Amino acid sequence: IAGITQAPTSQILAAGRRMTLRCTQDMRHNAMYWYRQDLGLGLRLIHYSNTAGTTGKGEVPDGYSVSRANTDDFPLTLASAVPSQTSVYFCASSDSAGGIGTDTQYFGPGTRLTVL
Amino acid sequence: GQNIDQPTEMTATEGAIVQINCTYQTSGFNGLFWYQQHAGEAPTFLSYNVLDGLEEKGRFSSFLSRSKGYSYLLLKELQMKDSASYLCAVRDGDYKLSFGAGTTVTVRA
């Protein structure tokens, strides 16, 4: 593994089903993030984690939950999927969340989710 | 809330120069980032500005004016591979990134 991986690459899901998107990074970054990207709206922050064991809500958290049991993994769960959650989901990580230096966020390849 | 504006689309000829403008109004400011995103791929980091002025990195340069809430990304000697979306993102007072909707640049031969 090099960088950030996400799984699955794409998924078609029936409304009402539960779904977990997986994200793993091997850079030992403290901070991790989940974004959704919709046409014309840009990337919007769903949830974030500044360090293992802590999580926070972003701009559009409703209908999503996250956990951060360790440094490497940051899964995103849709408890009961709805069609408005059809989107491309990107996981990202950065060395820290405290604005130390550049603190660039690096993105995974994305998961394309369609909810019917 | 955060407000980040950039043009939706731009078209330019191979070998030319294109300037993508970004204006922002955010709660606090801790730096401005530019990312490149090819269709169907992840955003990749291009540049970072936290102080006023110009940052040059090869064919790409980025400028920031904090007092005006303004940045631009300058792409020189355009190549076909530069056809992509360019995302302006501002790190706010809570150290969270807010993104503009992106500018799609099409390079024509």
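Protein chains in written order, with our numbering: chain A, 41 to 156; chain B, 210 to 318.
The C-beta atom is built at its ideal place from N, Cα and C for all residues, glycine as well.
On a predicted model such as this, the values are computed, not experimentally measured, just so you know.
- Taking C-alpha positions only, A:A55 is separated from A:T142 by approximately 40 angstroms.
- Only those residues of the region 254–273 of chain B whose C-beta falls short of 9 angstroms from the nearest C-beta of chain A are listed: F254, Y257 and V259.
- Cβ-Cβ distances below 6 angstroms link A:F147 to F130 and A132 in the same chain, with the five nearest sequence neighbours on each side left out; the list follows chain order.
- What B:A310 touches in chain A, judged by beta-carbon distance under 7 angstroms, is G80, L81 and G82, going in chain order.
- What B:P252 touches in chain A, judged by beta-carbon distance under 7 angstroms, is F147, going in chain order.
- For A:D143, DSSP records no beta bridge to any residue.
- Of all C-beta pairs linking the region 236–243 of chain B to the region 253–264 of chain B, three or more are shorter than 8 angstroms, placing the two stretches in contact.
- Along the region 255–286 of chain B, the beta strand (DSSP E) occurs as fully enclosed runs of 3 or more residues at 262–266, 269–274 and 279–284, listed in sequence order.
- Taking one beta carbon from each stretch, the region 46–53 of chain A and the region 75–85 of chain A have fewer than 3 pairs nearer than 8 angstroms; the two do not touch.
- The DSSP assignment places 44–47, 50–53, 59–65, 71–78, 82–89 and 104–106 as complete runs of the beta strand (DSSP E) inside the region 41–114 of chain A, in order along the chain (cut-off: 3 residues).
- Within 9 angstroms of the CB of A:G150, the CB atoms of chain B belong to G249, E250 and A251, in sequence order along the chain.
- Residue environment: B:D261 is assigned as exposed (fewer than 16 neighbouring CB atoms within 10 Å of its CB, all protein chains considered).
- By DSSP's assignment, A:S134 forms a beta bridge with A:A71.
- Within chain A, no C-beta atom comes less than 9 angstroms from the C-beta of B:L241; the nearest is roughly 11 angstroms away.
- Residue pairing by DSSP places B:M219 opposite B:V314 in a beta bridge.
- If you draw a straight line from the Cα of A:M67 to the Cα of A:G96, it comes to about 21 angstroms.
- If you draw a straight line from the Cα of B:D303 to the Cα of A:T144, it is about 15 angstroms long.
- Annotation for A:P123: A55, V155 and L156 place their beta carbon closer than 8 angstroms to its own, counting only its chain and skipping 5 residues before and after.
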